[in-house]
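156 is the number that our numbering gives to position 153 of the sequence shown; each next residue is one higher, with no gaps.
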Amino acid sequence: MRMPLVTVIIPNYNHAKYLRQRIDTVLNQTYTSFEVIILDDCSTDNSKDIILSYKDNPHISNIVLNSENSGSTFKQWNKGFELAKGDYIWIAESDDYCDLNLLELLITQIQKYSQSSIVYTSSHFVDAEGHYIKKIRKKGVEIVGGRAFIMKHMTMGNAILNASSAIFSKEALSKCKLDYTTFKAGGDRLFWIYLAEQGQVIHLKDAHNYFRQHSKKVTSNAAKSGLGFIESLKIYDYLKSHGYLYGWRKHLTHGYYMWLIGHVKDYQNTQVKKNIYDLWKPKCSYPTLNKYLFILHRVYTKLVDLF
Numbered sequence: 004m005r006m007p008l009v010t011v012i013i014p015n016y017n018h019a020k021y022l023r024q025r026i027d028t029v030l031n032q033t034y035t036s037f038e039v040i041i042l043d044d045c046s047t048d049n050s051k052d053i054i055l056s057y058k059d060n061p062h063i064s065n066i067v068l069n070s071e072n073s074g075s076t077f078k079q080w081n082k083g084f085e086l087a088k089g090d091y092i093w094i095a096e097s098d099d100y101c102d103l104n105l106l107e108l109l110i111t112q113i114q115k116y117s118q119s120s121i122v123y124t125s126s127h128f129v130d131a132e133g134h135y136i137k138k139i140r141k142k143g144v145e146i147v148g149g150r151a152f153i154m155k156h157m158t159m160g161n162a163i164l165n166a167s168s169a170i171f172s173k174e175a176l177s178k179c180k181l182d183y184t185t186f187k188a189g190g191d192r193l194f195w196i197y198l199a200e201q202g203q204v205i206h207l208k209d210a211h212n213y214f215r216q217h218s219k220k221v222t223s224n225a226a227k228s229g230l231g232f233i234e235s236l237k238i239y240d241y242l243k244s245h246g247y248l249y250g251w252r253k254h255l256t257h258g259y260y261m262w263l264i265g266h267v268k269d270y271q272n273t274q275v276k277k278n279i280y281d282l283w284k285p286k287c288s289y290p291t292l293n294k295y296l297f298i299l300h301r302v303y304t305k306l307v308d309l310f
C-alpha cells in the first residue's frame, strides 16, 4: 500500500534561534514519506545560513528565500501550497517543535476516516526557552462533522490554536477560498473554517506539539489596534450568512465579542475602542443583554469543568 506523501511547509521569519530544532524535528519523523518546503520571508538574522545548511537533505524539495518581506504569514502559506506535491499538508511553524511520531499519529487517524479534511493534536504551551507554560494531559480522539466542529469550536475563537499541530487534505484545500490571505491576524481561523467545511475534523487530544509563546505576539498588537476585532467581525458575518449563527448561538457569540472588546486594557487610544464598539454593537439586538448572557455562559462552563 502506498504511503501518502505529506508536504511539510516551514515558513520562517527571524526565528534562527529555533530553526534547527524545528527542521530537525521534521526531518527525524518516524513517518518518512514527506517532502519539505522551507520559505524564508527576508529574515534579518542568520536564518538563511541555517536553512541553506539543509539544502542537500533528500527530503528538502524547495527552498524559497524572499528578497523582500511579503508582510503576510498567510501569503507565505499560499506560496507553499502552490509548490506542494503531497496528498496532505503540514504547516510546521519555524518557532515550534513536536514529538518525532507526530506525523505518524496524524496520518494514521486521517487514513482511518477518509471523509476527514483536518486532523490535529493538542499542543503543550512552552516559553521562549522551551519550559512548560501549560502541559496538556488529555487523552482520546474526537471525530466531528465539519459543520458541527465550526459551530462548537470556531464561533467564539479558534480551536486549532497552532497550525503546527495539524495536517489537512490537499484535495480539501483546493476547494477553499483564498481571501484569508488578506488578513493580518485572523486569517488562520478563517482558513480552518473553510477547510472544516470540506469534511470531518479529527482531534487527537493527546498533545504531541509544542506551541512556543513569546513575550510579544502579533495577535496582541492586532487587539491594541482594533484590527483583530475588525477581522473577527468579517468572520462573524461569514458564519452568520452561512447559517452557523442563529438563535441563542448568535446572541451568545455577539455577547462574547462585546465582552472581549471591554476587556482589552491597552488599546492604542480610547478612540480605537469606541470605533470597534460602534462596529460591533449594531450587529445584533440587545448588545448589553448579549454580553451578560455570555458572562453567565462562561461561569456555567467553568463550573461544569470543575465537576
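Where is the CB? At the ideal position from N, CA and C, for every residue including glycine. The model shown is predicted, which means the values in this text are computed figures rather than measured ones.
Taking residue i and residue j to be in contact with their CB atoms under 8 Å, please state how far apart those CB atoms are, rounded to whole angstroms.
i           : j           : result
residue 262 : residue 294 : 5 Å
residue 83  : residue 12  : 4 Å
residue 77  : residue 229 : 19 Å between Cβ atoms; not a contact.
residue 158 : residue 256 : 5 Å
residue 175 : residue 202 : 6 Å
residue 67  : residue 42  : 5 Å
Which class does residue i belong to by DSSP, given the choice of helix, strand or coil?
i           : result
residue 186 : coil
residue 177 : coil
residue 82  : helix
residue 234 : helix
residue 116 : coil
residue 208 : strand
residue 138 : coil
Compute the Euclidean distance between the alpha carbons of residue i and residue j, then round it to the nearest angstrom.
i           : j           : result
residue 281 : residue 151 : 31 Å
residue 126 : residue 135 : 11 Å
residue 300 : residue 286 : 20 Å
residue 40  : residue 273 : 43 Å
residue 54  : residue 45  : 12 Å
residue 297 : residue 165 : 25 Å
residue 269 : residue 115 : 46 Å
Give every residue of the same chain whose Cβ lies closer than 7 Å to the Cβ of residue i, excluding the five residues on either side of it in the sequence, and list them in chain order.
i           : result
residue 71  : 45
residue 103 : 28, 31, 32 and 33
residue 265 : none
By Cβ distance, which residues of its chain are closer than 6 Å to residue i, with the 5 residues on each side in sequence left out?
i           : result
residue 147 : 204
residue 105 : 211
residue 178 : 201
residue 63  : 39 and 57
residue 325 : Coverage of the chain is limited to positions 4 through 310, which leaves residue 325 absent and any answer about it impossible.
Quick one: residues in its chain with C-beta nearer than 8 Å to the C-beta of residue i, no 5 flanking neighbours on either side, listed in chain order?
i           : result
residue 289 : 254
residue 7   : 36, 89, 90, 91, 110 and 114
At least three beta-carbon pairs within less than 8 Å, the segment 111–130 to the segment 40–54: no
Given 8 Å as the limit, is there contact between the segment 199–212 and the segment 132–147, that is, 3 or more CB pairs closer than that? yes
Is the segment 93–101 touching the segment 58–67, taking contact as three or more C-beta pairs under 8 Å? These segments do not touch.
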